[in-house]
Structure formats: structure tokens, C-alpha cells
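A.B. asks: Taking full-length UniProt numbering, the leading residue of the sequence shown gets 1, the next gets one more, and so forth.
The beta-carbon is built from N, C-alpha and C at its ideal position, and this holds for glycine as well.
These figures come from a predicted structure and were not determined experimentally.
Mind looking over this structure? Questions follow.
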Amino acid sequence: MEKIRRASHAGSWYTDNSKRLAEELDGWLREAGLPKSPEVRGVIAPHAGYSYSGRAAAYAFGNIDPTSISRVFLLGPSHHYYTPKCALSTATVYKTPIGDLPLDLEVIEELKATGKFELMDICVDEAEHSMEMHLPYLAKVFEGHLIKIVPILVGAVNAENEAMYGRLFAKYVDDPSNFFSVSSDFCHWGSRFNYMHYDKKHGVIHKSIEALDKMGMDIIETGDPDAFKKYLLEYDNTICGRHPISVFLHMLGNCSTKIKIKFLRYEQSSQCKTKRDSSVSYASAAAKVDA
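Here it is as C-alpha cells:
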């Protein structure tokens with residue numbers, strides 16, 4: 001029986017008008033002007049409302065060559081629901097205004113059988129935006145190609161379990177028909193986020209935020225999950241997808257294909273100049289086979 005996850009953020013976080021949405025996404029992808037590469041096996045992309053991060057996200061999704069991919073693993077952080085584990089969807093199809101994405105029930109059963117996952121209720125699934133914001137881009141990029149998705153809600157996973165999940169997913173990375181879409185925004189700065197790290201040596205506040213984010217991005221590019229963990233402990237940067245990124249780094253460290261992450265775009269929702277300001281940062285990366 002079909003069990004639908006509605007596009008619950010359409011009409012608020014992005015337009016629910018299918019024609020307008022397709023035009024917006026096409027426009028941003030065209031603007032990014034990136035060559036599609038079959039060597040790109042994963043992306044890290046933001047998940048804010050499209051008026052904020054839609055343009056930045058195109059620099060991740062624009063790299064995808066859809067021809068040989070048949071399955072997309074989607075890893076997103078949990079904003080509203082607490083779990084110390086990763087959770088699997090109970091839906092059979094994820095709706096988007098520009099086409100529906102069926103779930104790969106076979107792989108979900110396989111993951112369920114490990115006993116390492118919990119199941120998320122459909123209302124938990126629909127309340128979460130981190131994976132939904134990747135769906136229209138995936139529907140657009142894979143238009144005319146048959147793909148199935150495997151959504152993974154990554155909870156407040158400790159370091160030991162990040163490594164465990166990384167080892168568990170590593171075998172899927174080695175199959176070139178699998179793709180990984182990792183969802184994360186970067187620094188959430190300002191009193192409303194309870195985070196106001198400011199290093200004056202960089203000049204204005206937004207330059208300090210950029211330096212902090214770029215330090216994290218450089219560490220992610222090294223592929224070292226322990227160095228990333230150390231950076232987070234030291235600076236406590238409010239990267240909401242820290243756990244999905246860490247699991248992804250562990251996957252890449254445990255698979256036999258050599259894959260390297262490279263950031264291609266960095267933006268901020270606004271430029272903070274005073275302590276009263278606030279902003280969220282968006283960074284897009286492609287994970288590419290390193291020959």
C-alpha cells in the first residue's frame with residue numbers, strides 16, 4: 001500500500017507552483033554553469049528556504065550526471081525530533097511539486113534488519129525540512145531517469161555511532177549507481193541562535209564568520225572525521241548537519257573508492273556588522289572520485 005510523505009514545506013519554504021519551481025531551479029542550475037560529472041558521487045548542500053539558499057544549492061546539485069545513478073541516499077539532521085540514532089522513513093513515496101520520488105523499500109528493509117535504526121513516524125518525517133529541501137533539486141536533476149531514494153534522518157549521534165553508521169554505509173559508496181545527498185547549513189550566528197563567536201582579527205563580524213566556516217570546510221575537505229570533531233569541540237560552530245557530515249566522512253574513510261570532497265560555493269543570508277544582526281551560512285560541495 002502506498003504511504004505518501006507530502007511536500008509539507010511547499011508553499012512556504014519554496015513555491016508550490018510546479019511551473020515556477022521548475023523555472024527557478026533551471027535558472028539557478030544554468031547560472032551555476034557546472035559541468036556534469038559521472039565521477040561526482042555525493043554532495044553537501046544547504047536546506048534553508050529557497051529564497052535564501054536555493055542559488056547556493058545549485059552549486060552542489062549542478063554537478064550531478066544522472067545517467068548511471070539509480071539510488072540516492074539522503075542524509076539530513078533532525079531539527080524537531082530527538083533520537084540518538086539514525087531513523088528510516090515509513091513512507092513509500094516522497095512527493096514534490098515537480099515529480100514524486102519513490103523510496104527504495106528493499107534497501108530500507110536491509111538497513112532495518114541491522115537493528116541499528118529506528119523508524120520515524122510520518123508526522124516526524126513531514127515536520128522535518130532538512131531532507132525535503134533537497135527533493136525538488138533531485139527531482140529536477142534526475143528528470144526522465146528512474147531513481148529511488150533512501151532517506152536517513154540522522155539524530156544526535158555520538159562519535160562512536162557516527163563511525164559505526166559510516167562503516168555500515170561504506171559498501172553502498174563503492175557501488176557507482178548509488179549517490180549521497182548530505183544536508184547541512186553552516187554557521188547560525190546571532191543572539192537568536194545563542195552563538196556569537198567573533199574573532200576581531202578578521203575585521204567585521206561577517207568576515208569572522210566566513211573565516212570560521214572556511215576553517216570547517218577546509219577540515220571537511222581533508223576527509224578526517226576526527227579533525228572535524230575536534231574543530232566542533234573547539235569552536236562549537238552551529239553547523240546543523242554536523243552529524244550527517246560526520247557520518248559521510250566516516251563512509252568515505254571506510255569505502256575502497258577514493259573520494260574527495262571539494263567546496264564550490266559559500267554564501268551568507270546577510271552580512272553581520274553589529275551584535276544585533278544575525279545570519280545563516282550556506283556551503284555547497286561535491287564529493288568526487290579521486291583518480
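Using a 10 Å radius around the Cβ and a threshold of 16 neighbouring Cβ atoms, would you call Gln268 buried or exposed?
C.D. replies: Locating residue 268 in the sequence shown gives position 268, counting from the first residue. Buried, by the Cβ-count rule.
A.B. asks: Pick helix, strand or coil for Leu235, following the three-state DSSP scheme.
C.D. replies: Here residue 235 corresponds to residue number 235 of the sequence shown, with the count starting at 1. The displayed chain sequence assigns Tyr, not Leu, to residue 235. It is helical.
A.B. asks: Are Lys36 and Asn63 close, meaning C-beta to C-beta below 9 angstroms?
C.D. replies: As a first step, residue 36 is located in the sequence shown; it is residue number 36 there, counting from the start. As a first step, residue 63 is located in the sequence shown; it is residue number 63 there, counting from the start. A contact, by the Cβ cut-off of 9 angstroms.
A.B. asks: Drop a sphere of 10 angstroms on the beta-carbon of Ser184, count the other beta-carbons inside from all chains shown, and report buried for 16 or more, exposed for fewer.
C.D. replies: As a first step, residue 184 must be located in the sequence shown, where it is residue number 184. Flag for Ser184 reads buried.
A.B. asks: Ignoring anything shorter than 4 residues or poking outside the segment 95-165, list the alpha helix (DSSP H) runs there in chain order.
C.D. replies: For the segment 95-165, whole alpha helix (DSSP H) runs of length 4 or above, ordered along the chain, are 105-112, 122-127, 135-141.
A.B. asks: Among Arg265, Leu233, Trp13, which has the Cα closest to the Cα of Thr96?
C.D. replies: The count along the sequence shown starts at 1 and reaches residue 96 at position 96. Nearest of Arg265, Leu233, Trp13 to Thr96, Cα basis: Trp13.
A.B. asks: At which residues does the alpha helix (DSSP H) containing Glu210 begin and terminate?
C.D. replies: Working through the sequence shown from its first residue, we reach residue 210 at position 210. Its alpha helix (DSSP H) spans residues 205-222.
A.B. asks: If I measure Cβ to Cβ from residue 363 and keep anything under 6 angstroms in the same chain, skipping five residues before and after, which residues do I get?
C.D. replies: Summary: the structure shown does not reach residue 363, with the chain confined to residues 1 through 291, and so no result is reported for it.
A.B. asks: Ser130 and Ser78: beta carbons closer than 9 angstroms?
C.D. replies: The residue labelled residue 130 in the question sits at position 130 within the sequence shown. The residue labelled residue 78 in the question sits at position 78 within the sequence shown. Closer than 9 angstroms, so yes.
A.B. asks: Determine the DSSP secondary structure at Trp189, reduced to helix, strand or coil.
C.D. replies: Taking the sequence shown and counting its residues from 1, the one referred to as residue 189 is at position 189. Three-state result, Trp189: strand.
A.B. asks: With DSSP as the reference, identify every bridge partner of Asn178, one or two as the case may be.
C.D. replies: Your numbering for residue 178 matches position 178 in the sequence shown. Arg71.
A.B. asks: Classify Ser191 as buried or exposed, calling it buried when 16 or more other Cβ atoms lie within 10 Å of its own Cβ.
C.D. replies: To locate residue 191, count along the sequence shown from 1; it is residue 191. By the neighbour-count rule (16 or more Cβ atoms within 10 Å), Ser191 is not buried but exposed.
A.B. asks: Can you look up Ala291 in the DSSP assignment and give me helix, strand or coil?
C.D. replies: The count along the sequence shown starts at 1 and reaches residue 291 at position 291. Residue state, collapsed to three classes: coil.
A.B. asks: Within the same chain, show all residues whose beta-carbon is closer than 8 angstroms to that of His243, passing over the 5 residues directly before and after it, in chain order.
C.D. replies: As a first step, residue 243 is located in the sequence shown; it is residue number 243 there, counting from the start. Only Pro77, Val154, Gly155, Ala156, Val157, Glu162 meet the Cβ criterion.
A.B. asks: For the segment 224-236 against the segment 140-147, are there 3 or more C-beta pairs whose distance is under 8 angstroms?
C.D. replies: Too few Cβ pairs lie closer than 8 angstroms, so no.
A.B. asks: Based on Cα-Cα distance, which residue from Trp189, Ala291, Lys262 lies nearest to Asp236?
C.D. replies: By 1-based counting over the sequence shown, the position of residue 236 is 236. The option with the nearest alpha carbon to Asp236 is Trp189.
A.B. asks: Whole angstroms is fine: what's the gap from Ile44's alpha carbon to Met1's?
C.D. replies: Taking the sequence shown and counting its residues from 1, the one referred to as residue 44 is at position 44. Taking the sequence shown and counting its residues from 1, the one referred to as residue 1 is at position 1. Computed Cα separation, rounded: 33 angstroms.
A.B. asks: My understanding is that Arg71 touches Lys148, with C-beta atoms under 8 angstroms, so please give their C-beta distance in whole angstroms.
C.D. replies: Translated into positions along the sequence shown, residue 71 becomes position 71. Translated into positions along the sequence shown, residue 148 becomes position 148. Going by Cβ atoms, the distance from Arg71 to Lys148 rounds to 5 angstroms, so yes, they are a contact pair.
A.B. asks: What would DSSP say about Ala286, mapped onto helix, strand or coil?
C.D. replies: In the sequence shown, residue 286 corresponds to position 286, counting from 1. Looking at Ala286 - three-state DSSP - the assignment turns out to be strand.
A.B. asks: Can you tell me whether DSSP reads Leu34 as helix, strand or coil?
C.D. replies: One-based indexing of the sequence shown puts residue 34 at position 34. If DSSP states are grouped into helix, strand and coil, Leu34 belongs with coil.
A.B. asks: Give me the residue from Ala32, Tyr59, Phe73 with the minimum Cα distance to Ser177.
C.D. replies: The residue given as residue 177 occupies position 177 in the sequence shown. Closest option to Ser177, Cα to Cα, is Phe73.
A.B. asks: Is it a yes or a no for the segment 246-265 touching the segment 47-54, going by three-plus beta-carbon pairs under 8 angstroms?
C.D. replies: At 8 angstroms Cβ cutoff, the stretches do not touch.
A.B. asks: So the alpha helix (DSSP H) Gly253 belongs to, where does it begin and stop?
C.D. replies: By 1-based counting over the sequence shown, the position of residue 253 is 253. 242-254 is the extent of the alpha helix (DSSP H) around Gly253.
A.B. asks: Measure the Cβ-Cβ separation of Tyr94 and Leu135 and say whether it is below 9 angstroms.
C.D. replies: As a first step, residue 94 is located in the sequence shown; it is residue number 94 there, counting from the start. As a first step, residue 135 is located in the sequence shown; it is residue number 135 there, counting from the start. Taking 9 angstroms as the Cβ cut-off, Tyr94 and Leu135 qualify as a contacting pair.
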